[in-house]
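Residue numbers (the working numbering): 2 to 533.
Worksheet: one structure, shown below.
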Amino acid sequence: MKINYLVGLLGGLTLFLYGMDLTSQGLEMAAGNKLQGWIEKFTSNRFKGLIIGTVVTAVIQSSSATTVMLVGFVNAGIMTIEQTIGIIMGANIGTTITGQIVALDIVAAAPILCFVGFLLLKFANKNSGLRHTGQAILGLGVLFLGMKTMSSSMAPLADNPEFVHLIAKFQNPLLGILVGTAITCILQSSSASLGILQATANMGLIALRPSMFIICGFNIGTCVTSVLSAIGSNKNAQRTAASHVLFNVIGTALFLILAFIVPVENFITGISRNVPAAQIANMHTFFNIFATAALFPFGNQIARMSKFIIQGDDSDRDEKSLLYLNPNIQDPNALFAGVRAETERMISLARSNFLLSTELFRQFDQENFDRCFHNESIINYLNSQISKHIIENISLPMDDSLASLYTAYLRIVRDLERIGDHTKNIAEHSQYSNLSRLTYTEDALEEFDALESIIDDMFESIEIDPVKSHRVNDLRLAYTGVESNVENYKRIHIDRMKSGACDPESGIIFEKCLVAFERIAAYTYNVGKLSL
């Protein structure tokens, strides 16, 4: 008989978690990559961060997903720790929406929700907002079916003295917090943990007071996801995860003090319907609103505490490593922020290496030559690693626009790697010229400088912002100019060789450099086109 309880509970839990996942993915896909824009745009002050954190988390129904996104954004360098504090607080409020939905007690409507959601998912246009909405509705239906299954499987436990004795132990605050923390660490979702608690309460198996302590544990346990995602990230990203832990732990401590002074459970019972699931949901909401209200004025202090806990900087990190992209962050928006930051780093490195190679042509220096080859090895490494992570993660749930950006960046890093190859060729030609003591006419060097200047301007236009560059027309004109100049300079150089002004060996090396210039300009133009 006990096996039947366990099978029913696990089956119901599976349906509940799957329903949550469907709903979260559907809503997130419907919102698309607007979520990143919302977070980046509305963080000028902590109150705006609080609002956007609440809204985003209510949409995706997961505070863990929001904080993982924040860890990724900080790791990519597009947000500061201070900007994330308000969003973290808002995320804790936004995550309560799932519990409130479950508390609506509309299990009877679950089959209808499943049917309507399935129809939209099946017949709406692929990747349309209606299709994603259908997925979210289907997920809600499955969630409520899972809730019903869990409740039904646990109903007989009310007559089980061993289970009743076990639940009675949760009157101990420490034990309740530890159990709540452990459950959420395992499930990595406080909303899922809360759903189980609501199902247990609906069957009359647990009272509100011990539930209150377990809820405190849920809020601590939910930090595990952001902590795991911060492993391998830079110091500031780790501090963001630490801020999340600090906020939830301090908030829990303050709430417990309040609970032992004021009869919080009586207040919650008074404002709730006579439905245990609603009481649990309201307790969860009250806890998070109280913790946010108590700690909101101290956001800067929380940030400073995180910096005290996670000390040091990233100055000792190897150049040949990913500085902004962390594969542990399994969120498509946050991952793309890392891809973009690493690509911007790659563009900057390609540009500086190009200028270094042209300087070698004018005046060879062995130290700069070695540095040029070292930079090229970093460019090759970044191409390999960025491409690898794009290919591994492009199957994550995301809308078409974000998927298109991933695909575009796969081509961008490939073209940047080819720019690096041609830059290396110029450096090698420079080394050969130095060893062979080749000389070039003033006219040839002026032509060399003119091409260098045009290409450097092309680099500058894509380096400003490789995602939103609107200078494609300028890039096209510049590339056309390089093409035309290269052909013209080739003819002029042949004339110089015919007249004896330039020896044939120097002419061959110079022409090879012209070809490298043309290819670098072509790939730079490609990067500009793909960046839009």
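Beta carbons are placed, not taken as given, at the ideal position from N, Cα and C, and that holds for glycine.
Residue i and residue j closer than 8 Å at C-beta
i, j, result
"Ala137", "Gly20", "no"
"Pro398", "Met30", "yes"
"Ala286", "Ser191", "The residue you asked about is not Ala; residue 286 is Thr in the sequence shown. Going by C-beta atoms, Thr286 is not nearer than 8 Å to Ser191."
"Ala200", "Met155", "yes"
"Val228", "Ala238", "no"
"Ala279", "Ala104", "yes"
"Ile380", "Leu411", "no"
"Val483", "Leu452", "yes"
"Gly339", "Asn76", "yes"
"Arg372", "Lys308", "no"
"Ile330", "Leu296", "no"
"Thr270", "Phe219", "no"
"Ile216", "Met284", "yes"
"Leu531", "Ala404", "no"
"Gln172", "Arg210", "yes"
"Phe370", "Gln432", "yes"
"Met80", "Asn334", "no"
"Leu167", "Leu23", "no"
"Asn435", "Phe365", "yes"
"Thr182", "Gly222", "yes"
Length of the line joining the Cα atoms of residue i and residue j
i, j, result
"Pro174", "Asn203", "21 Å"
"Met213", "Leu255", "13 Å"
"Gly78", "Arg346", "11 Å"
"Gly87", "Ala125", "37 Å"
"Leu122", "Arg352", "47 Å"
"Leu141", "Ile290", "25 Å"
"Val487", "Arg363", "18 Å"
"Thr485", "Glu447", "Note on identity: in this sequence residue 485 is Ser, with Thr being the wrong assignment. Whole-angstrom Cα-Cα distance: 16 Å."
"Ser385", "Gly177", "48 Å"
"Pro264", "Phe337", "47 Å"
"Ser470", "Phe261", "Residue confidence for Ser470 is low, a pLDDT of 46 falling below 50, so the modelled location carries little weight and cannot support an answer."
"Leu7", "Ser234", "39 Å"
"Ile387", "Lys321", "12 Å"
"Leu120", "Gly135", "7 Å"
"Ile61", "Ala304", "25 Å"
"Leu478", "Asp458", "12 Å"
"Gly501", "Glu519", "26 Å"
"His430", "Ile509", "10 Å"
"Asp496", "Asp504", "11 Å"
"Glu266", "Val56", "27 Å"
"Ile113", "Gly300", "44 Å"
"Phe288", "Ser230", "25 Å"
"Arg492", "Glu506", "16 Å"
"Asp319", "Leu350", "15 Å"
"Ser437", "Phe449", "19 Å"
Close Cβ partners of residue i (< 6 Å) along its chain, the five nearest in sequence each way excluded
i, result
"Thr424", "Asn354, Phe355, Ser358"
"Met90", "Leu51, Thr293"
"Ile427", "Ser358, Cys514, Ala517"
"Gln101", "Ala282"
"Tyr407", "Ile391, Ile395"
"Ser25", "Ile61, Gln62, Ser63"
Other residues of its chain near residue i: CB distance less than 8 Å, five sequence neighbours each side excluded
i, result
"Ile568", "Nothing about residue 568 can be reported from this structure: the residues present for the chain run from 2 to 533 only."
"Tyr524", "Asp416, Leu417, Arg419, Ile420, His423"
"Gly313", "Lys236"
Cβ-based neighbour list, residue i, same chain, cut-off 7 Å, excluding 5 preceding and 5 following
i, result
"Ala92", "Gly54, Thr58, Ser64, Thr67, Thr68"
"Phe17", "Leu144, Gly147, Met148, Met151, Ala193, Gly196"
"Gly9", "Thr150, Ser153, Ser154"
"His245", "Thr68, Ile89, Cys224, Ser227"
"Val468", "Caution is warranted here: a pLDDT of 46 is assigned to Val468, below 50, making its placement in the model unreliable, and the coordinate value is therefore given only provisionally. Closer than 7 Å at the Cβ level, and outside the excluded window around Val468, lie Arg341, Ser532."
Per-residue burial, residue i [other beta carbons within 10 Å of its own, 16 or more giving buried]
i, result
"Asp332", "buried"
"Leu198", "buried"
"Arg274", "exposed"
"Asn474", "exposed"
"Asp416", "buried"
"Glu443", "exposed"
"Glu343", "buried"
"Thr440", "exposed"
"His494", "buried"
"Lys389", "exposed"
"Lys170", "exposed"
"Glu393", "exposed"
"Gly13", "buried"
"Asn46", "exposed"
"Asn327", "buried"
"Glu377", "buried"
"Leu323", "buried"
"Asn489", "exposed"
"Phe248", "buried"
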